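*Asks:*
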Amino acid sequence: MSYFIWDSTYDIGVDIIDRQHRRIADYINDLHHAIENNDVEEVYSVMERLKDYTFDHFSFEEQLMERAGYPLLAAHLQVHRRFSAQVEELSVQLYGGTDPMSVARKVRTGLMRWLLQHIKDEDQNYAELVRKSLRKESGWVSATLKRIFGSVDHPV
Ligand SMILES: [Fe+2]
Numbered sequence: 001m002s003y004f005i006w007d008s009t010y011d012i013g014v015d016i017i018d019r020q021h022r023r024i025a026d027y028i029n030d031l032h033h034a035i036e037n038n039d040v041e042e043v044y045s046v047m048e049r050l051k052d053y054t055f056d057h058f059s060f061e062e063q064l065m066e067r068a069g070y071p072l073l074a075a076h077l078q079v080h081r082r083f084s085a086q087v088e089e090l091s092v093q094l095y096g097g098t099d100p101m102s103v104a105r106k107v108r109t110g111l112m113r114w115l116l117q118h119i120k121d122e123d124q125n126y127a128e129l130v131r132k133s134l135r136k137e138s139g140w141v142s143a144t145l146k147r148i149f150g151s152v153d154h155p156v
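Note that my numbering has the sequence shown beginning at 1, numbered continuously upward.
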């Protein structure tokens, strides 16, 4: 059983970003399965991938907003920074002797809640401007995906 099933009401209408958000939700479900199976090794493995992917996603999203000339970029960056610091803190706990299952449960619940709230409160706000900008930016998008994720296909 999945922890969370995505539905289209969480889409912001920017295809590349919606796919990345869904990917983060997939990782959260992977983490849930590792917790349910009491699989400590898998918890560490998913947590690494989830953290890397989320940070790469932030980086891509920030560059997309910047490219589109989004006026609330600075505030959005701050929200990302604050959340990244929390993720780093949990990561320190994970490797610092705290019970990995309890850290994983915190990440599962907290990240899912944060992601859905962030999509609704902050990501929706840039959607229209970024959509307009993307219509003329396909070359830039491919190059930036490749630079951040190492592959154009990776986030799909
Ligand atoms: Fe964001």
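Each residue gets a CB set at the ideal place from its N, CA and C atoms; glycine is no exception. All of these numbers come straight from a predicted model, not from anything done at the bench.
1) Distance, Cα to Cα, threonine 9 vs aspartate 52?
2) So asparagine 29 and tyrosine 3 are supposed to be a Cβ contact under 8 Å. How far apart are they, rounded?
3) Please indicate yes or no: does the CB of aspartate 123 lie closer than 7 Å to some heavy atom of ligand 1?
4) Run the proximity test for histidine 76: is its beta-carbon closer than 7 Å to any non-hydrogen atom belonging to ligand 1?
5) What first and last residue would you give for the alpha helix (DSSP H) that runs through aspartate 30?
6) Do tyrosine 27 and leucine 50 have their C-beta atoms closer together than 8 Å?
7) Taking only three categories from DSSP, how would you classify tyrosine 70?
8) Indicate, with yes or no, if ligand 1 has a heavy atom lying under 7 Å from the CB of histidine 118.
9) Let's test the definition: count the other Cβ atoms within 10 Å of the Cβ of aspartate 99 and tell me whether it reaches 16, buried, or not, exposed.
10) Is it true that the region 56-71 meets the region 110-118, where meeting means three or more beta-carbon pairs spaced less than 8 Å apart?
11) Report yes if the C-beta of histidine 80 is less than 7 Å from at least one heavy atom of ligand 1; otherwise report no.
12) Please identify the residue among Gly110, Ala34, Lys146, Leu73 whose C-alpha is closest to the C-alpha of asparagine 125.
13) With respect to the alpha helix (DSSP H) encompassing phenylalanine 149, which residues constitute its N-terminal and C-terminal limits?
14) Identify whether isoleucine 5 lies in helix, strand or coil by the three-state DSSP scheme.
15) Give the secondary structure of arginine 135 by DSSP, where H, G and I count as helix, E and B as strand, and everything else as coil.
*Replies:* Answer, in terms of the structure:
1) For the purposes of this step, residue 9 is taken as the residue at position 9 of the sequence shown. For the purposes of this step, residue 52 is taken as the residue at position 52 of the sequence shown. Straight-line Cα distance between these residues: approximately 26 Å.
2) Residue mapping note: residue 29 aligns to position 29 of the sequence shown, counting from 1. Residue mapping note: residue 3 aligns to position 3 of the sequence shown, counting from 1. About 5 Å separates the two Cβ atoms, so the contact holds.
3) Translated into the one-based positions of the sequence shown, residue 123 becomes position 123. Checking the Cβ of aspartate 123 against ligand 1 gives yes.
4) For the purposes of this step, residue 76 is taken as the residue at position 76 of the sequence shown. The answer is yes for histidine 76.
5) For the purposes of this step, residue 30 is taken as residue 30 along the sequence shown, with counting starting at 1. From DSSP, the alpha helix (DSSP H) with aspartate 30 extends over 15-36.
6) For the purposes of this step, residue 27 is taken as residue 27 along the sequence shown, with counting starting at 1. For the purposes of this step, residue 50 is taken as residue 50 along the sequence shown, with counting starting at 1. Closer than 8 Å, so yes.
7) To locate residue 70, count along the sequence shown from 1; it is residue 70. Correct three-state label for tyrosine 70: coil.
8) For this step, residue 118 is matched to residue 118 along the sequence shown. Checking the Cβ of histidine 118 against ligand 1 gives yes.
9) As a position in the sequence shown, residue 99 is number 99, starting the count at 1. When all chains shown are included, aspartate 99 counts as exposed.
10) no
11) To locate residue 80, count along the sequence shown from 1; it is residue 80. Within the cutoff, so yes.
12) In the sequence shown, counting from the first residue as 1, residue 125 sits at position 125. For asparagine 125, the nearest C-alpha among the options comes from Leu73.
13) What you label residue 149 is simply residue 149 of the sequence shown in a count that begins at 1. It spans 138-149 - the alpha helix (DSSP H) in which phenylalanine 149 sits, taken as one unbroken run.
14) Numbered from 1 along the sequence shown, position 5 holds the residue referred to as residue 5. It is coil, neither helix nor strand.
15) The count along the sequence shown starts at 1 and reaches residue 135 at position 135. Note: arginine 135 maps to coil in three-state DSSP.
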